[in-house]
Each structure stands twice: as structure tokens, then as C-alpha cells.
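Accompanying notes for the structure given below.
Chains as they are written, first to last, in our numbering: chain G, -13 to 83; chain A, -13 to 83; chain X, -13 to 83; chain U, -13 to 83.
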């Protein structure tokens, strides 16, 4: 499993991004991707790089469909080979310390 | 109020960061800064840039004190002039859509 | 065209990343992707999200093949609908101001 | 020496950021900070966290003075204890591989 977070910033579409973030969350629900909204980004779990990138691309295309003219996306990916990770395991690891 | 998130990645100190993230959370508690741990980063509220930067610097110095030899920090800052924001208001804005 | 930059941080593999970054640059050359190395990240041009994501995934797999046990990747994507952009056009736009 | 890069994204101020990035570069010149513009971010060298944070705050305040209503800043910091680094040394390290 890959854990990642991403933020999508629309430029030239006003100062509020909530409507666009909401549209991306709808998309994640439709795609059956587990995600956790945060104040600065949305964290998600993906089975593979393909699945992760698929939702990032769809998110951009959805905002394009909503008329956004420029989109800055930041994706941060935790790809770990030495043990299984999940959103839950990562949150628990920090709480235990 | 400034809302920000930041991640601190120790290099050359093994694959687990949980102990270091825990130390940073201790520091945030000591500093009286409101924060929310996430799976990929820690979000926080700061009264000013000074307060935000102070904790980021202290976090780096604390990891230095723990023997970390290289630290990659990413800070993402939401500085909004047209309305008051908080961690809570940002989470609520997305839920309402 | 999409302009993006990405950084790849190996955890648990020492404090130096230069060998890994070099391997990623080899991969970008093999893939025929135009890129510009920077001090903190590598910028590149991609014809599509698919091409961008393909190299990001390959970069992770190459580091996995080199024995890295955990990899934190950050990809920042500029997807602009209102005009054509390139690495060159973006650098020129800033110089003109 | 700390090497860092940062990007400043104005929201609600049109799709072009070049004028704002140019203003930030003026500010870096005035402050005597060594920097290298890139297609996705600006890299810089700072003597200390204080100097780095000072320019990041001033950049936000300058954009505020230009009427920007919301600013998303991302700062990525390379704080290395095991050897001296500079923009030049980091670029050279990658070229050598």
C-alpha cells in the first residue's frame, strides 16, 4: 500500500478552494479510494502508483471541467518497502511514541 | 491566524520517523501550539509567521540534538487576508460542500 | 504540456542522495524527457499526466532496485489551460518582470 | 549554510504569477540573498533559519502589499549537519554521479 497526500490549488478562480476540494472528495468516493481530509491537504491510500496517479489526473480534469484555468497540484508519496503501511498505521505509530 | 502543515524527514537515521515526529509533537505541546497530526504531515495554527518559524527551527534543532545528520523539512503556509481561518474552519468549509 | 518538479528522498540509506538522484536523471535521459536539475528538485516537461507519472513510478522502482527501503517523493505539477507553458517559457516569464 | 527552495502561489489574483515572483526576486536581491530561479520554485542559500524565514515572511508581506488576498507558500529546507552545502555543491554532487 502507498500512503500519499495531495493538495490542489486553483489559480485565477477566487480565493476559496472549498468547492473544488469538495469535488475532488466526491471523485475519491466514486473511485472507492480511502481518504482523510486535512486542513492543508487530503491524505489517501492507494493500492498502486497507477491508482494514485489515476485519481490525481482525474482531479485535475474535474477542476478543468469546472472552468479552472490553472491548477497547481502537490502530491507527496510514502513508498515503503520494509513494512506494510496504511493511514491508520502511520497515525498509530506517532501516537505510540 | 496562519494555518500551515509541515513534515520533517530525517535522512540517514533509519526508515522510521515516528520517534522524531513524536519529539516534534512534544515540542509543539510545550510551545502551546495547536496542532493536528496527519498521516503525511502535521498541521498547526500559528498567530504569526514568527511563531510558525520558531517551531520549525526548534523542530530541526531538536532532531539535530537527537543525532540526525540531515533533515528535510517542508512547510506549507496558508496566509489568507480576506477572512479569518483556523484548522477547524478549513475542515468545516470542505465538509459543507 | 505539463511542467512539474519532483524530489525523491531515500530514507534509511545514508545522508547523501546524489547517487540516487543521478540514477533518476539517467532514467529521465533514457525516457527522452526534458529535465533541468535544481539544487532542491528536478524540473521536467511532460506531454501528459501519463508520461509524468510513468517517470515518477519508474524512479521509485529504480531506487527500490538499488535497495532503498523507503522513498518519499514530492511531485508538484503546473497544469495550465489558458496558455502553453514550458520550462523555458516559465523561466522567461519571470526574467521579463 | 541552509539550502532551501520556496514557491509562492497567489490565489484569486489571476492565472499568472510572474509579476509576483519578480517582486519576490527583487526582494531577495535587496536582502543580499543568493538565489537561483527555477521553473517551479526559487532556490536560495541562507546563513540561518532566521534569514530564510525573514525573506519568506517579507515575500508574503510584499504580495499582501500588492493586493493578493490569499497566498500559499511552500518552503523546503535542507538542513545538513554532516557537511557544508551550498546551491553549487548540491548541483555539482548530482553532476558527478
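Every residue, glycine too, gets a C-beta built ideally from N, C-alpha and C.
Any chain G beta carbon closer than 8 Å to residue i
| i | result |
| --- | --- |
| residue 5 of chain U | no |
| residue 21 of chain X | no |
| residue 46 of chain X | yes |
Cβ of residue i within 8 Å of any chain A Cβ
| i | result |
| --- | --- |
| residue 64 of chain U | yes |
| residue 26 of chain G | yes |
| residue 56 of chain X | yes |
| residue 41 of chain G | no |
Beta-ladder partner(s) of residue i, from DSSP
| i | result |
| --- | --- |
| residue -5 of chain X | X:58 |
| residue 31 of chain G | G:-11 |
| residue 22 of chain X | X:29 |
| residue 64 of chain X | G:58, X:-11 |
Nonlocal neighbours in the same chain, by C-beta distance under 6 Å from residue i, ignoring five residues either side
| i | result |
| --- | --- |
| residue 20 of chain G | 31 |
| residue 55 of chain U | -2 |
| residue 17 of chain U | 41 |
| residue 65 of chain G | -12 |
| residue 84 of chain A | The requested residue 84 of chain A is not part of the displayed model; chain A covers only -13 to 83. |
| residue 52 of chain G | none |
Spatial neighbours of residue i in its chain, beta-carbon cut-off 7 Å, leaving aside the 5 residues before and after
| i | result |
| --- | --- |
| residue 1 of chain A | none |
| residue 27 of chain A | -9, -8, -7 |
| residue 76 of chain U | -11 |
Close beta carbons around residue i, own chain, < 8 Å, minus the five adjacent residues each side
| i | result |
| --- | --- |
| residue 57 of chain X | -6, -5, -4, -3, 46, 49, 50 |
| residue 38 of chain U | -12, -10, 30, 32, 61, 63 |
| residue 10 of chain U | -6, 28, 45, 48, 49 |
| residue 70 of chain A | -13 |
| residue 34 of chain A | -12 |
| residue 24 of chain A | -9 |
| residue 22 of chain X | 28, 29, 30, 73 |
| residue 7 of chain U | -6, 23, 28 |
| residue 59 of chain G | -8, -7, -6, -5, 42, 45, 46 |
| residue 13 of chain U | 41, 44, 45, 48 |
Residue-chain proximity (residue i, chain X), Cβ-Cβ < 8 Å
| i | result |
| --- | --- |
| residue -4 of chain U | no |
| residue 68 of chain G | yes |
| residue 59 of chain U | no |
| residue 0 of chain A | yes |
First through last residue of the alpha helix (DSSP H) which encompasses residue i
| i | result |
| --- | --- |
| residue 70 of chain A | Run containing residue 70 of chain A: none; DSSP gives neither H nor E here. |
| residue 8 of chain A | 4 to 16 |
Amino acids of chain U, ordered along the chain, whose beta-carbon sits closer than 8 Å to that of residue i
| i | result |
| --- | --- |
| residue -9 of chain X | 24, 25, 26, 27 |
Chain U contact for residue i (CB, 8 Å cutoff)
| i | result |
| --- | --- |
| residue 74 of chain A | no |
Residues that residue i contacts on chain G, provided the C-beta gap is smaller than 9 Å
| i | result |
| --- | --- |
| residue 50 of chain X | 65, 67 |
Neighbouring residues, chain U, relative to residue i (Cβ below 7 Å)
| i | result |
| --- | --- |
| residue 77 of chain X | 23, 25 |
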